[in-house]
Amino acid sequence: MKIFKWVLGVSVALAIFGTIIVAGLYLYWEDELPSVAELKEVRLQTPMQVYSSDGELIAQFGEIRRIPLQLEEIPQPLINAFLATEDQRFYDHFGIDPIGVARAFFLMVSSGEIQGGGSTITQQLARNFYLSFDQTWTRKIKEAFISLRMEKELTKDEILELYLNKITFGHRAHGVGAAAQVYYGKDVADLSLAQMAMIAGLPKAPSTMNPISNPERARERRAVVLGRMLAERVINQQEYRDALAEPIDTRLHGAEVTMSAPYLAEMVRADMVSRYGEDATYNGGFKVFTTVNAKQQRAAQRAVQLNLHEYDERHGYRGAEQVLWQPEESAWEHEAIRDFLRQQEAVGLTVPAVVLGVTERAALVLTASGSPRELPWQGIAWARPYMHADRQGAAPNTAAEVLASGQLIRVRATENGLRLAQVPEPSGAIISLRPQDGSIAAAVGGYSFAISQYNRAIQAERQAGSNIKPFIYSAALENGFTLATLVNDAPINQWNPGSGIAWRPRNSPDVYEGPIRVRQALAKSKNVVSVRLMRSLGIDTTVEYLTRFGFAIDELPRNESLSLGSASMTPLEVARGYAVFANGGYLVNPYFIERIVDNNEQVVYTARPAVACVLCENEEREVVQAPQVITEQNAYLVTQAMNSAVWGGGSWQHRTGWNGTAWRIQRSKPIVDLAGRNIVGKTGTTNDSKDTWFSGFVSGLVTTAWVGFDNLERALGSTTMNENLDSSEQPISGAEGGAKTALPMWINYMETALEDATIEPFQVPPGLVMARIDLETGKLSRKSDYTTRFEYFLPGTAPTEYADEKSSSKDIFSEDDSIF
376 MKIFKWVLGV SVALAIFGTI IVAGLYLYWE DELPSVAELK EVRLQTPMQV YSSDGELIAQ
436 FGEIRRIPLQ LEEIPQPLIN AFLATEDQRF YDHFGIDPIG VARAFFLMVS SGEIQGGGST
496 ITQQLARNFY LSFDQTWTRK IKEAFISLRM EKELTKDEIL ELYLNKITFG HRAHGVGAAA
556 QVYYGKDVAD LSLAQMAMIA GLPKAPSTMN PISNPERARE RRAVVLGRML AERVINQQEY
616 RDALAEPIDT RLHGAEVTMS APYLAEMVRA DMVSRYGEDA TYNGGFKVFT TVNAKQQRAA
676 QRAVQLNLHE YDERHGYRGA EQVLWQPEES AWEHEAIRDF LRQQEAVGLT VPAVVLGVTE
736 RAALVLTASG SPRELPWQGI AWARPYMHAD RQGAAPNTAA EVLASGQLIR VRATENGLRL
796 AQVPEPSGAI ISLRPQDGSI AAAVGGYSFA ISQYNRAIQA ERQAGSNIKP FIYSAALENG
856 FTLATLVNDA PINQWNPGSG IAWRPRNSPD VYEGPIRVRQ ALAKSKNVVS VRLMRSLGID
916 TTVEYLTRFG FAIDELPRNE SLSLGSASMT PLEVARGYAV FANGGYLVNP YFIERIVDNN
976 EQVVYTARPA VACVLCENEE REVVQAPQVI TEQNAYLVTQ AMNSAVWGGG SWQHRTGWNG
1036 TAWRIQRSKP IVDLAGRNIV GKTGTTNDSK DTWFSGFVSG LVTTAWVGFD NLERALGSTT
1096 MNENLDSSEQ PISGAEGGAK TALPMWINYM ETALEDATIE PFQVPPGLVM ARIDLETGKL
1156 SRKSDYTTRF EYFLPGTAPT EYADEKSSSK DIFSEDDSIF
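Numbers 376 to 1195, taken from my numbering, label the letters of the sequence shown in order.
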């Protein structure tokens, strides 16, 4: 009896002492423990996802992959697998399982070290959220305190839901939703029982027991989980045997990106970091919906890539990238070739391939995946040897003149089979926006984001060339000129005493027609006419006027070269300027983020762009109106002149025999079928041909295309959005220009993009008058034949004199006239 009392007293004393120690430790660590609010409002780290306007996933940013799910969205067999394996008494204990603690204690006594195991789901969650994974008494005690607090403040279902969304599964997957996607490419609801068991077994050792890194250990662990489920009677013998026999069939699945648009994705990433900071951007679970249409974006990407390949092919084949063996040497084994090719990078549309053999009119090639394939003659015949930018060798007659066994080359897939390819040397960009509000419909900043992250669509400030002329002509129409005004298309030879050099701007081609109407001069892109118009207006007036279109005044050179496009602008800035003509005179601000949704599916941002007021009359809600920078009448007149750049002289074209610089659009049946004659545009080429442009629009879509060379060495090494690339000295060569180099890219894109664009006829605005004029003199005409046409004029600007049948435009100007 005395011994019993002594043991009882000691036990009570130890209990009191233990309680005091535990209470003391609790008070000591209280400030380090998470608050109740933190326990209830735990923010799961979730990557940011970027979507197109029609819901296609463009990109995912963030180290952690997570797909948060509510408990009712998780299949019961998967829940059962976790409970059976990790904590079968989860719904019965208070956060700490005495039986599990006792088992862990005896393991410690037998081994002399603190072992894992014995932790409840609540304890694992506490450790995962707040503590390290060190096997120490301090961590264990803190873990117990947090577990008790969690059990007090959260329900069992809330704890289980947090656990299933938080736990780590390897390969950066956190939570069962992400694990299902990473390992199987499925939603959790679509997993088989064997796949659920595999996932439930991963938390024990996610890096060493996952089926990708170690399939055999993963199989063993899956068997343990299935055995526990059978023991807990949540599956039957047949289900157990079937799941146990299921093969390990898994591979690493990335985020389900359904549309690749890396330049756009990087634009979004940079914008979000500036809004919310890096941590919230990468871990806050934002869903960003862009203004970009997936169909149009795909069309833009393909247009840029195909157009650059076509340019590159016109300039010759630069040869194999590497020679692995000589034709007389023994060829490598196919598997060795595949291993080598897997280490080579696919770039854009091109994939690396090795030539296995060559016949007279074909070659046999092997890529990293698949069997040997034929590279047919029609995919080789283009490959004239590259000699320099303006010259190529003779066209090949046999495949052996181009290829040899053992060469590492590149190929790309086409509708007609494989085609010999090379990574294009020039760069290109497309930017497309809706002129009513500035929302971007598509954006492509280069051939391949893998080569260079430099976004030429929004960052490359390049000389605008003739793309600037519509703005010069707009200024002229604002200051007394009309579309019928005659301007002298004659060479200019101006001596500059300061430099001792004569300035001789030239037309391209170097053809001069004498007196020419303003409409026709813009349609034919007459350089000397643009210079004469600016001389008439004055440099200061012209520069001030161009700022109306959003161009920075300090970026506009104050000399006559401005009339030829010496000002440097990004493709986005050019497209924004052209949108003013498309929307009736309003300056809109381009934007690409439509709305942002947070981790709780709450919309935290919705774009509220300033819109062209043509929309305002029909809007039920209040809208922000964009500033009107030119009159609707002026915008229409410039649009009419650019329409002639596409359609030339109009219905009398077959008699007058002239065409505009954008006449190739007429050959595009898809564009003509969709838009009819309601499409306009302007080519652009700088004097040194370093930059080629085409900008054009319908009523609901403005698109600018650019092709040129940047400094290739820096472009290949560019890895940041903020790095500028200087243009190299290499021009676009070989009789290339805006009409031949940039316009085909624009056409290729618009043939698809117009299918989802608003296309309305360009309505004649109120206030304009129409008069029939003589095409040669610009005066009124009483005739109605092919020598005349109806022209639009601002009130009070129409000609008042009739053309004399005996007079001509040649009588209007003297030979020494230097202004007109």
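Positions of the beta carbon are idealized from the N, C-alpha and C atoms, including for glycine.
- In this structure, alanine 743 keeps its C-beta atom at 8 Å or more from the C-beta atom of leucine 778.
- In terms of Cα proximity to phenylalanine 956, the closest of Ile971, Thr922, Val1013, Ser900 is Val1013.
- Around methionine 634, the same chain offers Ser427, Glu431, Leu432, Ile433, Ala669, Gln672, Arg673 as residues with beta carbons nearer than 8 Å, after the five sequence neighbours per side are excluded.
- Looking at the backbone, the Cα of alanine 1128 and that of alanine 950 are separated by about 16 Å.
- DSSP places valine 667 in the coil class of the three-state scheme, outside both helix and strand.
- Leaving aside the five residues that flank glycine 470 on each side, the residues in its chain whose CB is nearer than 6 Å to its CB run, in chain order, Thr497, Ser522, Leu523, Glu526.
- The three-state reading of DSSP puts aspartate 565 in helix, counting H, G and I together.
- Residues of the same chain with a CB within less than 7 Å of the CB of glutamate 518, apart from the 5 flanking positions on each side, are Gln498, Ala501, Arg502, Leu506 in chain order.
- Within the DSSP bridge table, the entry for valine 1082 names Gly803, Thr1067 as partners.
- Taken through DSSP and simplified to helix, strand or coil, histidine 690 comes out as coil.
- In the structure shown, tryptophan 752 adopts helical secondary structure according to DSSP, grouped into three states.
- Here the C-alpha atom of glutamine 1000 lies approximately 24 Å from the C-alpha atom of arginine 650.
- Under the three-state reduction of DSSP, glutamate 1166 is assigned to strand.
- Of the candidates Pro452, Val1073, Lys541, Pro452 places its Cα closest to the Cα of alanine 569.
- Out of Gln869, Ala756, Arg1039, Ala898, the CA that lies nearest to the CA of proline 771 is found in Ala756.
- Look at the beta carbons and you see the stretch 708 to 725 touching the stretch 783 to 798: at least three pairs across the two are nearer than 8 Å.
- With a threshold of 16 other beta carbon atoms within 10 Å, aspartate 565 falls short and is exposed.
- Rounded to the nearest whole angstrom, the C-alpha separation of methionine 571 and alanine 555 is 8 Å.
- With distances taken between CA atoms, asparagine 1123 lies nearest to Glu685 out of Ala645, Arg592, Glu685, Asp562.
- Shown here, histidine 684 sits in a helix according to DSSP, grouped into three states.
- Residue Gly840 holds the alpha-carbon nearest to the alpha-carbon of glycine 940 among Glu976, Ala859, Gly840, Pro890.
- For glycine 1056, the enclosing beta strand (DSSP E) has its first and last residue at 1055 to 1060.
- DSSP, reduced to helix, strand and coil, places phenylalanine 967 outside both helices and strands of the structure shown, so it counts as coil.
- The three-state secondary structure of arginine 879, taken from DSSP, is coil.
- Beta-bridge analysis with DSSP links tryptophan 1033 to no other residue.
- Judged by beta-carbon spacing, aspartate 864 lies beyond the 8 Å limit of valine 918, meaning their Cβ atoms are not closer than that value.
- Under the DSSP assignment, leucine 639 falls outside any beta strand (DSSP E), being part of the alpha helix (DSSP H) whose first and last residues are 637 to 651.
- Here tyrosine 920 carries a helix assignment [DSSP, helix/strand/coil].
- With contact defined as three or more Cβ pairs closer than 8 Å, the stretch 1141 to 1158 and the stretch 1172 to 1179 are in contact.
- Secondary structure within the stretch 1117 to 1160: the alpha helix (DSSP H) runs of 4 or more consecutive residues, fully enclosed, are 1118 to 1128 (chain order).
- Using a 10 angstroms sphere on the CB of aspartate 462, the tally of other CB atoms reaches 16 or more, which defines it as buried.
- In the three-state scheme derived from DSSP, where H, G and I count as helix and E and B as strand, leucine 535 is classed as helix.
- Judged by DSSP secondary structure, asparagine 863 falls within the beta strand (DSSP E) whose first and last residues are 861 to 864.
- Rounded to whole angstroms, the gap between the alpha carbons of glycine 1113 and histidine 763 is 21 Å.
- Taking a contact to require three or more Cβ pairs closer than 8 Å, the stretch 961 to 975 and the stretch 1000 to 1009 qualify as touching.
- The secondary-structure analysis by DSSP pairs serine 943 across a beta bridge with Gln838.
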